[in-house]
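Engineer:
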Amino acid sequence: MRTLGIAAIGFTVLVASAAAQKMQIQGAGATFPNPIYSKWFSEYNKLHPNVQINYQPIGSGGGIRQITGQTVFFGASDGPMTGQQLKAAPGALMHLPTVLGAIVPVYNIPGVTGELKFTGELLANIYLGKVTKWNDAAIAQLNAGVKLPATDITVVHRSDGSGTTYIWVDYLSKVSPEWKSNVGVNTSVNWPAGVGGKGNEGVSGIVTQTPGSIGYVELIYALQNKISYGTVRNAAGEFTKATVQSVTAAAAAAATQMPADFRVSITNAPGKGVYPISSFTWLLLYENPKDKAQAKTMVDFVKWALTDGQKYCAPLGYAPLPDSVVKLELAAIARIRTS
Amino acid sequence: MRAGRAAGDLAFRLGTGLFGLVLVLLVAAIGAELVRQSWLSIETFGLNFWRTSIWDPVAGEFGALPFIWGTLYSSMLALLLATPIALGIAVFISELCPNRLRPPLVFLTELLAAIPSIVYGLWGIFVLVPAVRAAETAFPQALKSLPFFSGPPFGLGMLSAALILAVMVIPFTSSIAREVLKSVPVAQREGAYALGATRFEAITAALYYARTGIVGAVLLGFGRALGETMAVTMVIGNSPKVTLSLFAPQHTMAAVLANEFSEAADDLYLNALIEIGLVLFVITLVVNSLSRLLIWSMARSERQAAATTVVPAAESAA
Chain A
-2 MRTLGIAAIG
8 FTVLVASAAA
18 QKMQIQGAGA
28 TFPNPIYSKW
38 FSEYNKLHPN
48 VQINYQPIGS
58 GGGIRQITGQ
68 TVFFGASDGP
78 MTGQQLKAAP
88 GALMHLPTVL
98 GAIVPVYNIP
108 GVTGELKFTG
118 ELLANIYLGK
128 VTKWNDAAIA
138 QLNAGVKLPA
148 TDITVVHRSD
158 GSGTTYIWVD
168 YLSKVSPEWK
178 SNVGVNTSVN
188 WPAGVGGKGN
198 EGVSGIVTQT
208 PGSIGYVELI
218 YALQNKISYG
228 TVRNAAGEFT
238 KATVQSVTAA
248 AAAAATQMPA
258 DFRVSITNAP
268 GKGVYPISSF
278 TWLLLYENPK
288 DKAQAKTMVD
298 FVKWALTDGQ
308 KYCAPLGYAP
318 LPDSVVKLEL
328 AAIARIRTS
Chain B
3 MRAGRAAGDL
13 AFRLGTGLFG
23 LVLVLLVAAI
33 GAELVRQSWL
43 SIETFGLNFW
53 RTSIWDPVAG
63 EFGALPFIWG
73 TLYSSMLALL
83 LATPIALGIA
93 VFISELCPNR
103 LRPPLVFLTE
113 LLAAIPSIVY
123 GLWGIFVLVP
133 AVRAAETAFP
143 QALKSLPFFS
153 GPPFGLGMLS
163 AALILAVMVI
173 PFTSSIAREV
183 LKSVPVAQRE
193 GAYALGATRF
203 EAITAALYYA
213 RTGIVGAVLL
223 GFGRALGETM
233 AVTMVIGNSP
243 KVTLSLFAPQ
253 HTMAAVLANE
263 FSEAADDLYL
273 NALIEIGLVL
283 FVITLVVNSL
293 SRLLIWSMAR
303 SERQAAATTV
313 VPAAESAA
């Protein structure tokens, strides 16, 4: 009995001393940035072996709920929180863009191998169920020289709530007033047409198998799985292909009018060489967190991620933040109270 | 000594009784929690939640009818397809199959039940859906005017969902039906043969004897189909629509929960999703209660039939 007691005391001391050295931070949220966040946390752990950051990719909605309930130290979301959601949080929350992603239109048309050109309006009309044949004049006009069949268009969308959908419909409502008034923007919407696939893999699975289908997936997913995708006309009138460069360019174009809280949509961004269906993904942090030690560690980590950490983006298919945005963010982080 | 044994008996009875009570409390607690968590939606939509068809997270308008419809329709269709096959398997294995073939066949049906549903789902996407699409494309135009076969051939949709559910339900129904048939007394069969019954007639008699158990087996399969999530969401097309068409993409309650729960940040939206869970809970409860009631009334009418045949015999003996 006595030895057991001593052992227990010894064990508590051991655990306590380990806790003093090790800093554990919990976070939860969006699935889209999970690969780059995991990479960052493990690289940062190599540099600072006492810091361990755990991230649960439970979805943006879950991340917002968890940070609002203060069950995690930081949240992450693909869509900015609404004013109402921010009010529901017990303290002031800060949005910090970390990386950029893009959504691309993928299609499967029998006999068409080349790259198709789309405009935002055309994509909206296809997803509204108004353009229903591949040889529709609206498509043929943009793609002179491509032999388009008279096949029905099968519209494929995500069935699960997702940040990918949020970015896609956010773009569609910027370019189509009809989409904006009839459907709107959210992580899942009341789709006027088509079938739903679960996840990027569900959508791409249906598209690759269904002749005459069109869908949308994240750029990383299309790159990793070598799915061909179309170009989209940007606000400056150029047909742009989604690349790491054209996505970063979209953020740089938006940076000139960046609001102080970073809650900005950069779809259909102005400027040349910009891919129009791009978006930030955000970390959510309290400006005045309860645990100051964790806050200090987290601030150090974020500074590293925004600067040195950005070099891990491109190999994983994410676009790095433009320097102008990083500069604004480094200034904003100073607001987080670490003492 | 005796008193000690009686006390042990009592403790055992109380202990097991307590475990039984835990089960009741658990079900009640789940129900209460579902109501509590979905209160905002219950308050906002009331009964309209059950009978409206618009599911619009942007506008904050939620109606569960297409999901209720999709769940019940797909499960019914699956049952319709699976029951004859499952009973056929059960009869073959328990009555007609050569002894050497029995263990591998039993093993195979049980293996089907052990395959994870995500595997069924992937098989559905890559094998079943293209086959269904081909069949739908080749479907005679004349029949397409029927409400069951209207709409473009997506492949994804109610037909694929019903087929995959049927495959998943078959091992459950057939395993239990087989066990039930096994429990039919040998005297029953021997009696039938003694009266000059053919093999078919003897099997029919055995099936009739085991009917309550077989109904139970079928309803267990129905319960399985109602709650199936992953495989269905991968092939049903996830489009909330109330339609009879087998070719149309539709949606189910379990599927919409799996799809939208993680990203639902808005309070009303989350409450509406939990209310879908509540509706599924209530429907499962009702289906199970009805099946209990059916089995109970069948058993009772059997007992009555037995009683009425016994009484005159007793009288004549007196």
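Top line first, the protein sequences correspond to chains A and B. At position 81 of the first sequence (counting the first as 1) the number is 78 in our numbering, and the numbers step up by one without a gap. At position 244 of the second sequence (counting the first as 1) the number is 246 in our numbering, and the numbers step up by one without a gap. Positions of the beta carbon are idealized from the N, C-alpha and C atoms, including for glycine. Since we're looking at a predicted model, the values are computed, not measured.
Please identify the residue among A:Thr205, A:Thr162 and A:Glu198 whose C-alpha is closest to the C-alpha of Trp188 of chain A.
Structural biologist: A:Thr162
Engineer: For Arg332 of chain A and Pro77 of chain A, which I take to be in contact (beta-carbon distance under 8 Å), what is that distance rounded to the nearest angstrom?
Structural biologist: About 17 Å separates the two Cβ atoms, so there is no contact after all.
Engineer: Out of curiosity, what's the CA-to-CA distance linking Trp298 of chain B and Val220 of chain B?
Structural biologist: 15 Å
Engineer: In whole angstroms, give me the CA-to-CA distance for Tyr104 of chain A and Pro208 of chain A.
Structural biologist: Computed Cα separation, rounded: 9 Å.
Engineer: Looking only at DSSP bridge pairs, what is Lys130 of chain A linked to?
Structural biologist: A:Asp149.
Engineer: Below 7 Å on C-beta distance, what does Gly59 of chain A contact in chain B?
Structural biologist: Ser264
Engineer: For the putative contact between Leu145 of chain A and Leu119 of chain A, defined by C-beta atoms under 8 Å, what is the C-beta separation to the nearest angstrom?
Structural biologist: With a Cβ gap of about 13 Å, Leu145 of chain A and Leu119 of chain A do not count as contacting.
Engineer: Residues in the stretch 229 to 244 of chain B with C-beta within 7 Å of chain A's C-beta atoms, listed in sequence order?
Structural biologist: Those would be Thr235, Met236, Gly239, Asn240 and Ser241, in chain order.
Engineer: Closest to Ala116 of chain B by CA distance: which of B:Phe69, B:Val171, B:Tyr75 and B:Ala84 is it?
Structural biologist: B:Val171
Engineer: For the beta strand (DSSP E) holding Ser275 of chain A, just list the boundary residues, first then last.
Structural biologist: Residues Ser275 to Tyr283.
Engineer: Do Met236 of chain B and Gly157 of chain B have their C-beta atoms within less than 7 Å of each other?
Structural biologist: no
Engineer: For the stretch 170 to 198 of chain A, list every residue whose C-beta sits within 8 Å of some C-beta in chain B, in sequence order.
Structural biologist: Per Cβ criterion, the list reads Val180, Gly181, Val182, Asn183, Thr184, Ser185, Val186, Asn187, Trp188, Gly191, Val192, Gly193, Gly194 and Lys195.
Engineer: Just checking, does the stretch 37 to 45 of chain A make contact with the stretch 163 to 170 of chain A on the three C-beta pairs under 8 Å criterion?
Structural biologist: no
Engineer: Could you check which residue in A:Gly60, A:His45, A:Thr95 and A:Gln63 has the C-alpha nearest to that of Gly303 of chain A?
Structural biologist: In the sequence as presented, Gly is not what sits at residue 303 of chain A; that position holds Leu. Out of A:Gly60, A:His45, A:Thr95 and A:Gln63, A:Thr95 has the C-alpha closest to the C-alpha of Leu303 of chain A.
Engineer: Look at the alpha carbon of Ile87 of chain B and the alpha carbon of Met78 of chain B, and state the distance between them as a whole number of angstroms.
Structural biologist: 15 Å
Engineer: Quick check on Glu265 of chain B: buried or exposed, where buried means 16 or more other Cβ atoms within 10 Å of its Cβ?
Structural biologist: buried
Engineer: I want to verify the contact list: residues of chain B whose CB lies under 7 Å from the CB of Ser225 of chain A, in sequence order.
Structural biologist: For Ser225 of chain A, no chain B residue has a Cβ inside 7 Å of its Cβ, as the nearest lies near 20 Å away.
Engineer: List, in chain order, every chain A residue whose beta-carbon is nearer than 7 Å to that of Asn50 of chain B.
Structural biologist: Going along chain A, no residue has its Cβ under 7 Å from Asn50 of chain B, so there is no contact; the nearest lies around 16 Å.
Engineer: Given that Ile127 of chain B touches chain A, what residues does it touch there, using C-beta distances under 7 Å?
Structural biologist: Neighbours of Ile127 of chain B on chain A, chain order: Gly202.
Engineer: I'd like to know if the stretch 22 to 34 of chain A and the stretch 45 to 58 of chain A are in contact, where contact means that at least 3 CB-CB pairs between them fall below 8 Å.
Structural biologist: yes
Engineer: Is any beta-carbon of chain A found at less than 7 Å from that of Asn273 of chain B?
Structural biologist: Not closer than 7 Å to any Cβ of chain A, the Cβ of Asn273 of chain B fails to qualify, so no.
Engineer: Using a Cβ-Cβ cut-off of less than 7 Å, give me the residues of the stretch 78 to 91 of chain A that come near chain B, in sequence order.
Structural biologist: Gln82
Engineer: Just curious, the beta strand (DSSP E) that Asn51 of chain A is in, first and last residue?
Structural biologist: Val48 to Gln53
Engineer: Leu246 of chain B and Thr286 of chain B: beta carbons closer than 7 Å?
Structural biologist: no
Engineer: Going by the beta-carbon positions, is the gap between Ala204 of chain B and Arg191 of chain B smaller than 7 Å?
Structural biologist: yes
Engineer: Count the other C-beta atoms from every protein chain shown that fall within 10 angstroms of the C-beta of Gly48 of chain B, then say buried if there are 16 or more, exposed otherwise.
Structural biologist: exposed
Engineer: Given a limit of 7 Å on CB to CB distance, which residues of the stretch 131 to 160 of chain A reach chain B?
Structural biologist: Asp149, Thr151, Ser156, Asp157, Gly158 and Ser159
Engineer: Starting from the beta carbon of Phe283 of chain B, find every residue of chain A whose beta carbon is closer than 9 Å, and list them in chain order.
Structural biologist: Those within 9 Å of Phe283 of chain B in chain A number zero; the least Cβ separation is about 22 Å.
Engineer: Can you give me, in chain order, the residues of the stretch 46 to 75 of chain B that have a beta carbon less than 9 Å from any beta carbon in chain A?
Structural biologist: Ile56, Trp57, Asp58, Pro59, Val60, Ala61 and Glu63
Engineer: Can you tell which of A:Pro286, A:His92, A:Gln49 and A:Met295 has the C-alpha that lies nearest to the C-alpha of Leu325 of chain A?
Structural biologist: When each option's Cα is compared against that of Leu325 of chain A, the closest is A:His92.
Engineer: Which of the three DSSP states is assigned to Pro142 of chain B in this structure?
Structural biologist: coil
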